[in-house]
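**Student:** Pasting a structure below so you can have a look.
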Amino acid sequence: MRNCQLSRRTLLTGAAGSALALPWLEAMLPIKNARGAAGKPPLRFIAFVTSGGYFPERFWPRLPGEAFYPLDKPPNEGYIGGATGGDGRDLTKSSVKFTDSTDFLFAPGLEPLSRHRKDLLIVEGLDSSGGPGHDQWNSVLSGRKDRVAGISLDQAIANQIAGNTKFKSLNLGVQTDNGGPFSAYGANQPVLQENDPQAVFDRVFAEVAPPDTTAVDRLRGERKSVLDGVMSEITDLNQKLGQADRAKLQNYFDSVREVESRLDSVATGASCGRPMLAPKPGERWFESDANMPQILNTQLDLVAMAFACDLSRVATISIGNAATSFTMPWLGITESFHDGLGHAVDANMDAQNKIAKADAWQAEQLAGLIDRLKKIPEGDGTVFDNTVILWVGELTKGNQHNTDNMPHVLAGSAQGYFKTGRYLRLPRGAKPFLRFPYSFGTWSNDFKLSVLQSMGADAKTFGEPTECNGPIDALRG
Amino acid sequence: MARTRISLIAVLGARAGLVKGPGSSLALGTALLCGLACTGSIADNSSLRSGARGAGTENDPVGSGPAGGPVAIGPDGKPVLPPSTTVVRRLSRTEYNNTVRDLLGDTTHPAADFLVDETKLGFDNIAEAQTTSPVRAEQYMLAGEKLAATAGAELLAKLPCAAAGGAACAAQFIGEFGQRAYRRPLSEAEATRLLSVFQQGSSAGGFKHGIELALRLMLSSPSFLFRVELGQAGQAPAGLQPLSPWEMASRLSYLLLGTMPDSALFQAAGESALGTKAQIKVQAERLVNDPRAKANIAHLQAQWLDLGSIQANRVMKDAKLFPNFNNEVLQLAKQETETFVDDVVWNAQDGVKALLTGNYSFMNDKLATFYGVTGPAGAAFEKVQLDPARRSGLLTQVGILARYAHQTQTAPTLRGKFVRERLLCNLIPPPPPTVNAKLPDPTPTTNARERSAHHLADPSCKACHDLLDPIGLGFEHYDAVGAWQEQDGGKPVDTSGFVNGAEFSGGQTGSFNGVPELATKLAASPDVRACITKQWFRFAYGREETPADAGVLSTLDAALSATGNFRELLLSLTQTDAFMYRTPAGSP
Chain A
193 MRNCQLSRRT LLTGAAGSAL ALPWLEAMLP IKNARGAAGK PPLRFIAFVT SGGYFPERFW
253 PRLPGEAFYP LDKPPNEGYI GGATGGDGRD LTKSSVKFTD STDFLFAPGL EPLSRHRKDL
313 LIVEGLDSSG GPGHDQWNSV LSGRKDRVAG ISLDQAIANQ IAGNTKFKSL NLGVQTDNGG
373 PFSAYGANQP VLQENDPQAV FDRVFAEVAP PDTTAVDRLR GERKSVLDGV MSEITDLNQK
433 LGQADRAKLQ NYFDSVREVE SRLDSVATGA SCGRPMLAPK PGERWFESDA NMPQILNTQL
493 DLVAMAFACD LSRVATISIG NAATSFTMPW LGITESFHDG LGHAVDANMD AQNKIAKADA
553 WQAEQLAGLI DRLKKIPEGD GTVFDNTVIL WVGELTKGNQ HNTDNMPHVL AGSAQGYFKT
613 GRYLRLPRGA KPFLRFPYSF GTWSNDFKLS VLQSMGADAK TFGEPTECNG PIDALRG
Chain B
828 MARTRISLIA VLGARAGLVK GPGSSLALGT ALLCGLACTG SIADNSSLRS GARGAGTEND
888 PVGSGPAGGP VAIGPDGKPV LPPSTTVVRR LSRTEYNNTV RDLLGDTTHP AADFLVDETK
948 LGFDNIAEAQ TTSPVRAEQY MLAGEKLAAT AGAELLAKLP CAAAGGAACA AQFIGEFGQR
1008 AYRRPLSEAE ATRLLSVFQQ GSSAGGFKHG IELALRLMLS SPSFLFRVEL GQAGQAPAGL
1068 QPLSPWEMAS RLSYLLLGTM PDSALFQAAG ESALGTKAQI KVQAERLVND PRAKANIAHL
1128 QAQWLDLGSI QANRVMKDAK LFPNFNNEVL QLAKQETETF VDDVVWNAQD GVKALLTGNY
1188 SFMNDKLATF YGVTGPAGAA FEKVQLDPAR RSGLLTQVGI LARYAHQTQT APTLRGKFVR
1248 ERLLCNLIPP PPPTVNAKLP DPTPTTNARE RSAHHLADPS CKACHDLLDP IGLGFEHYDA
1308 VGAWQEQDGG KPVDTSGFVN GAEFSGGQTG SFNGVPELAT KLAASPDVRA CITKQWFRFA
1368 YGREETPADA GVLSTLDAAL SATGNFRELL LSLTQTDAFM YRTPAGSP
């Protein structure tokens, strides 16, 4: 607290539906570097996870001279994407040829991100196996075949970079319902998403710029005693319990210890302030489709401010879930995304137009997240310079439930680790018939491993061991 | 032999959406086996037959649905049966809310803001699936702080010695209130620890603050948040151990009411009067009449039948094709089904029969208009008699029919899947990746049977769809919003259907024509009754059945099969060895 500029109250989120102007950032531009010169600022990671499939034909960039997918073209089930011919499975071999373009042209699905062109690494042609049907959602960050059978990328990164920040990770969602978590501390240890921005705010910013710092200090001491008491009780009980019972209580013990170990962590950073939430539009407002833009904006604000305060360095933001059935009334999409559109993407023009529209909206939200981080000065640059954002989805086309050529867009260079401003089109082999798991491109896990390594981890593999060949050197230029 | 069953369906269960396999080892194999698994089941109908009931026989060690992974085979070639395991259960969000209501008088439902409960087999109280992450631990801490602040004052108002304060008064409070919070007398170490936390708070902020701090610890205590059972010495069948009377009081109360024990149960526990089945039965018969039992069992039924998914803006229909259908109708239809299910559980003599074949329902004016039947004049729900040729219990209700249909057309596959999974307890894997899951759009000249014909024509689809579509196609008298239709695609609807691989009474085959006949057959099917037993078992005991539960399940099964009465089933659940005893979970 004492390290923090507390006097400026800040404002989060405006009227429902309006694009957020981030008044708090304009009002709070700091004049000096908070971290000083010693060492580099910390790295951060955000996974931006969308659901229900996308429309690849209008998503991936085109190379100069290539035609765009015509807007009036009838539905097409044949799109594979990437360059066909040859077996592209192992990009770790330097002999494999791929397309590396800096003068690519944005297709409509990613167009809103064009203002951040030099910071993007758009990678087409990555495959992930996942389970059949909707189970892929649960594997989207863990890269495992069997739902949450291992640690997810965000948590693996948190183990590397979270340090002693107050929240090891923030896992926030928008209308994720109860579709099952995709984030995990390890096998069968799911991390659930928080969907209520107010609850996130209460939890994360309770101690930032409180009215009475003495009371906060006292509360911290009391919490320590209470949590110590809880841990002592568990220790006593565990001496009398069998193995399976003990594991359940040990899980609680570990979590309590984790909370306690971070009690003393405080907000820092010249841009740090206590955000103010606009009054909520009503009870359970975060469960309404119409409010989704505002929910997402608020969640993104909370992540940005948590980063500015160094309360956390790792976040996931997810929209919907595996069988996403929300509508998007603000885009004129009144069908359920899952049953109405996802399953119809190859069947009619209306559905594909709407999915492309939804893709573009999501790209715009990601662009907005980048904007936010770019406005938070840090070191000689901004927080964004020290951040990697990974946009992934769990499906390619909703009707096919396939996971070849999944959406993968990376933003931010992780302090220059990745060479951004590029579109990579990875080579692909022939589509196999009824083979599972299958890849005829490069495994998404190779990509995830690269991201993990960019965070300083010395991991040699990630996710399903048989579906990871090694990091993709091409990402580094 | 009717109960003989190959374990392929068990493999299916391990992969299906409702079940989370514990490890990844099966995943690849089962995915490759998917088609094969369904094929194998069809090739030999008898192999599926006992799927709904087989929670454990020598030849059927796994039963349908368990996610237990491969079964170990002993040196004698027989499966090694793991003992059923009682694992510490965390209060579900519903149980937390109920418990703080009954412990503190708090009706704010604080757990509504907690992370959702992990579900398994469709239920939110399966111990195995529960994890307690740091976020959850923090939410417990914060909720405890709020509750201690609001409830602390009220509690002190009822404590005569509070005016004078002091450590003795605090110790008295901790002992008395702690026994209700922990649902058992405190150990000396616990009481001492709570007193020392009280003293820290008291010296900083006075007596009341000290009490508040002790309350905070109690509300984050493992003994409050979890149902920890240590058992006690005493007579029990081999490999089992009796519960302490306090533990039994909690088991009874959470099973029947979804909340902490009431004062009569605590008193019985204090008098050690919960040690025999007869003593337990007396209490159980008292508790099933408690109004809270209704809400608790409604919660069970809603999860078993997935009624939560009948949700506004989640079940949507094409407005041009179905102008009479909207969110309001859906909401009323959901209320109809909830009311109906509630009625068959508590009022019907043979509840299973009524659930599936009852030719009545509950409607108000608007809903009756939607159904096109004569109903009440006002907005209040009343019992309405229906034409038995057209409507037959749960399966013909608008909420279910619309939920399992697409926006523009019916969904025979989804309707078949509902029957297969919820009533027969067979779990079906989702389609493999790259399969186009979209049916052709309806046209004026095609009917549902034609649109989904490729499901049964293509050998790679047929394997699984044979278990689903022949059931669902029998529902074609009900359109995508559950309204009665005579024609589809310009042709009279054909509602002939077939249930593969289930056992029907009197050795009948699975063929049927129309839902009323299907429902009549299902209502009398031993497989359906066994499946219902299994679903209630899971909710009641907070775990998946194991081969070692075969005896318990067959006792429960017999009780339900004899009467079909849900209240009897509920009472029977308190009379089994699985309920009476615990299995020491490994050695300390």
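In the order they appear, the protein sequences are chains A and B.
If you want the numbering used here, it's the 1-based position in the first sequence plus 192.
If you want the numbering used here, it's the 1-based position in the second sequence plus 827.
Cβ atoms here follow ideal geometry from the backbone N, Cα and C, with glycine treated the same way.
Treat the numbers as computed from the prediction; the structure is a model and nothing was measured.
(1) Taking three-plus beta-carbon pairs below 8 Å as touching, is the stretch 932-940 of chain B in contact with the stretch 965-973 of chain B?
(2) For residue 306/A, count neighbouring C-beta atoms within 10 Å of its own C-beta (all shown protein chains included) and say buried if the count is 16 or more, exposed if not.
(3) Going along chain D in order, which residues have a C-beta closer than 9 Å to the C-beta of residue 334/A?
(4) Do residue 1093/B and residue 1076/B have their C-beta atoms closer together than 8 Å?
(5) Can residue 953/B and residue 1370/B be called in contact, C-beta distance under 8 Å?
(6) What whole-angstrom Cβ distance do residue 481/A and residue 924/B have, given they're in contact under 8 Å?
(7) Excluding sequence positions up to five away, which residues of its chain have a Cβ less than 8 Å from the Cβ of residue 1421/B?
(8) Ignore the nearest five residues each way along the sequence and tell me which others in residue 392/A's own chain have a CB closer than 8 Å to its CB.
(9) Please confirm if residue 1143/B has its CB atom under 8 Å from at least one CB of chain A.
(10) Determine the DSSP secondary structure at residue 1338/B, reduced to helix, strand or coil.
(11) Please state the DSSP three-state secondary structure of residue 1322/B.
(12) Below 8 Å, how does it come out for the stretch 1157-1169 of chain B and the stretch 1370-1383 of chain B: are there three or more Cβ pairs, yes or no?
(13) In whole angstroms, what separates the C-alpha of residue 367/A from that of residue 1380/B?
(14) Given this structure, state the Cα-to-Cα distance separating residue 260/A from residue 589/A, to the nearest angstrom.
(15) What does the alpha-carbon distance come out to for the pair residue 1390/B and residue 1173/B?
(16) Assuming residue 602/A contacts residue 582/A under a Cβ cut-off of 8 Å, what Cβ separation, rounded to an integer in Å, is found between them?
(17) When DSSP builds the beta bridges, which residues end up paired with residue 600/A?
(18) With DSSP as the reference, please indicate the residues paired to residue 1232/B in a beta bridge.
(19) From residue 511/A to residue 241/A, what does the alpha carbon distance come to, in whole angstroms?
(20) Do residue 316/A and residue 618/A count as a contact pair if the criterion is CB distance below 8 Å?
(21) Using the DSSP secondary-structure output, state which residues sit across from residue 615/A in a beta bridge.
(22) Quick check on residue 473/A - is its C-beta less than 8 Å from some C-beta in chain B?
(23) Looking only at its chain, what residues have a beta carbon closer than 8 Å to the beta carbon of residue 1195/B, apart from the 5 residues adjacent to it on each side?
(24) Taking Cβ-Cβ distances shorter than 7 Å, what residues in chain B pair up with residue 519/A?
(25) Would you mind working out which of 433/A, 257/A, 247/A sits nearest residue 595/A, comparing C-alpha positions?
(26) Identify, in the order they occur along the chain, each residue of the same chain with its Cβ nearer than 8 Å to the Cβ of residue 1022/B, setting aside the five sequence neighbours on each side.
(27) If residue 450/A sits next to residue 961/B, beta carbons under 8 Å apart, how far is it from one beta carbon to the other, in whole angstroms?
(28) In its own chain, which residues sit with a C-beta less than 8 Å from the C-beta of residue 1342/B, not counting the 5 before and 5 after it?
(29) Would you mind working out which of 1083/B, 1073/B, 1047/B sits nearest residue 445/A, comparing C-alpha positions?
(30) Nearest by alpha-carbon distance to residue 643/A: which of 434/A, 236/A, 382/A is it?
(31) Which ranges would you report for the alpha helix (DSSP H) in the stretch 1346-1379 of chain B if only whole runs of at least 4 residues count?
(32) How many whole angstroms separate the CB atoms of residue 1372/B and residue 1386/B, which I take to be in contact at a CB cut-off of 8 Å?
(33) Helix, strand or coil for residue 1287/B per DSSP?
(34) Need the endpoints of the beta strand (DSSP E) that residue 381/A sits in, please.
(35) For residue 1294/B, is the classification buried or exposed, using 16 other Cβ atoms within 10 angstroms of its Cβ as the cut-off for buried?
(36) Is there a C-beta anywhere in chain A that falls below 8 Å from the one on residue 945/B?
**Tutor:** Taking the structure as given:
(1) They touch, by the three-pair rule.
(2) In the first sequence, the residue the question calls residue 306/A occupies position 114. Taking a 10 Å sphere around the C-beta of residue 306/A, we find fewer than 16 other C-beta atoms and assign the residue as exposed.
(3) Protein chains A and B are contained in the structure displayed, whereas chain D is not.
(4) By 1-based counting over the second sequence, the position of residue 1093/B is 266. By 1-based counting over the second sequence, the position of residue 1076/B is 249. Judged by their CB atoms, residue 1093/B and residue 1076/B are nearer to each other than the 8 Å cut-off.
(5) Taking the second sequence and counting its residues from 1, the one referred to as residue 953/B is at position 126. Taking the second sequence and counting its residues from 1, the one referred to as residue 1370/B is at position 543. Residue 953/B is a Cβ neighbour of residue 1370/B, given a cutoff of 8 Å.
(6) Stepping through the first sequence from its first residue, residue 481/A is reached at position 289. Stepping through the second sequence from its first residue, residue 924/B is reached at position 97. Between residue 481/A and residue 924/B a beta carbon distance of about 26 Å is seen, past the 8 Å cut, so the two are scored as non-contacting.
(7) Residue 1421/B lies beyond the stretch modelled for chain B, which goes from 828 to 1415, so this question has no answer here.
(8) Residue numbering aside, residue 392/A sits at position 200 when the first sequence is read from its first letter. Here the set comprises 362, 364, 386, 491, 494.
(9) Here the question's residue 1143/B lines up with position 316 in the second sequence. Closer than 8 Å: yes.
(10) If you number the second sequence from 1, residue 1338/B lands on position 511. If DSSP states are grouped into helix, strand and coil, residue 1338/B belongs with the strands.
(11) Here residue 1322/B refers to the residue found at position 495 of the second sequence. Reduced to three states, the DSSP call for residue 1322/B is coil.
(12) Contact between the stretch 1157-1169 of chain B and the stretch 1370-1383 of chain B is absent: fewer than 3 CB-CB pairs across the two stretches fall below 8 Å.
(13) Counted from its first residue, the first sequence places residue 367/A at position 175. Counted from its first residue, the second sequence places residue 1380/B at position 553. Roughly 38 Å separates the two Cα atoms.
(14) Your numbering for residue 260/A matches position 68 in the first sequence. Your numbering for residue 589/A matches position 397 in the first sequence. Cα to Cα, residue 260/A sits roughly 19 Å from residue 589/A.
(15) One-based indexing of the second sequence puts residue 1390/B at position 563. One-based indexing of the second sequence puts residue 1173/B at position 346. Distance between the alpha carbons of residue 1390/B and residue 1173/B: 13 Å.
(16) Along the first sequence, one-based indexing puts residue 602/A at 410. Along the first sequence, one-based indexing puts residue 582/A at 390. Contact holds; Cβ gap of about 6 Å.
(17) Against the first sequence, residue 600/A aligns to sequence position 408. Per DSSP, 584/A.
(18) By 1-based counting over the second sequence, the position of residue 1232/B is 405. 1237/B, per the DSSP bridge assignment.
(19) Start at 1 with the first residue of the first sequence, and residue 511/A comes out as number 319. Start at 1 with the first residue of the first sequence, and residue 241/A comes out as number 49. Rounded to whole angstroms, residue 511/A to residue 241/A spans 6 Å at the Cα level.
(20) Position 426 of the first sequence, counted from the first residue, corresponds to residue 618/A. Position 124 of the first sequence, counted from the first residue, corresponds to residue 316/A. The Cβ atoms of residue 618/A and residue 316/A lie closer than 8 Å to each other.
(21) Here residue 615/A refers to the residue found at position 423 of the first sequence. In the DSSP secondary-structure assignment, residue 615/A is bridged to 293/A, 314/A.
(22) For the purposes of this step, residue 473/A is taken as residue 281 along the first sequence, with counting starting at 1. Using beta-carbon distances, residue 473/A does not count as an interface residue toward chain B, since no partner is under 8 Å.
(23) Counting from 1 along the second sequence, the entry for residue 1195/B is found at position 368. Same-chain partners within the cutoff: 1201, 1202, 1203, 1211.
(24) Here residue 519/A corresponds to residue number 327 of the first sequence, with the count starting at 1. Close to residue 519/A, with beta-carbon spacing below 7 Å, are these residues of chain B in chain order: 1140.
(25) Within the first sequence, the letter at position 403 stands for residue 595/A. For residue 595/A, the closest of 433/A, 257/A, 247/A by C-alpha to C-alpha distance is 247/A.
(26) Translated into the one-based positions of the second sequence, residue 1022/B becomes position 195. So the list reads 994, 997, 998, 1001, 1041, once near-sequence residues are dropped.
(27) Residue numbering aside, residue 450/A sits at position 258 when the first sequence is read from its first letter. Residue numbering aside, residue 961/B sits at position 134 when the second sequence is read from its first letter. About 4 Å; that satisfies the 8 Å criterion.
(28) Mapped onto the second sequence, residue 1342/B falls at position 515. Excluding the 5 residues flanking it on each side, residue 1342/B has same chain C-beta neighbours closer than 8 Å at 1219, 1222, 1223, 1301, 1302, 1304, 1305, 1322, in chain order.
(29) Looking up residue 445/A in the first sequence gives position 253. Across the set 1083/B, 1073/B, 1047/B, the C-alpha of 1047/B shows the shortest separation from the C-alpha of residue 445/A.
(30) As a first step, residue 643/A is located in the first sequence; it is residue number 451 there, counting from the start. Minimum Cα distance to residue 643/A is reached at 236/A.
(31) Complete alpha helix (DSSP H) runs here, min 4: 1353-1368.
(32) Working through the second sequence from its first residue, we reach residue 1372/B at position 545. Working through the second sequence from its first residue, we reach residue 1386/B at position 559. Contact between residue 1372/B and residue 1386/B fails: their C-beta atoms lie close to 16 Å from each other, not under 8 Å.
(33) Within the second sequence, residue 1287/B is the residue found at index 460, counting from 1. The answer is helix: DSSP assigns residue 1287/B an H, G or I state.
(34) Residue mapping note: residue 381/A aligns to position 189 of the first sequence, counting from 1. First-last of the beta strand (DSSP E) with residue 381/A: 381-383.
(35) To locate residue 1294/B, count along the second sequence from 1; it is residue 467. So residue 1294/B ends up on the buried side.
(36) The residue given as residue 945/B occupies position 118 in the second sequence. Yes, because at least one Cβ of chain A sits closer than 8 Å to the Cβ of residue 945/B.
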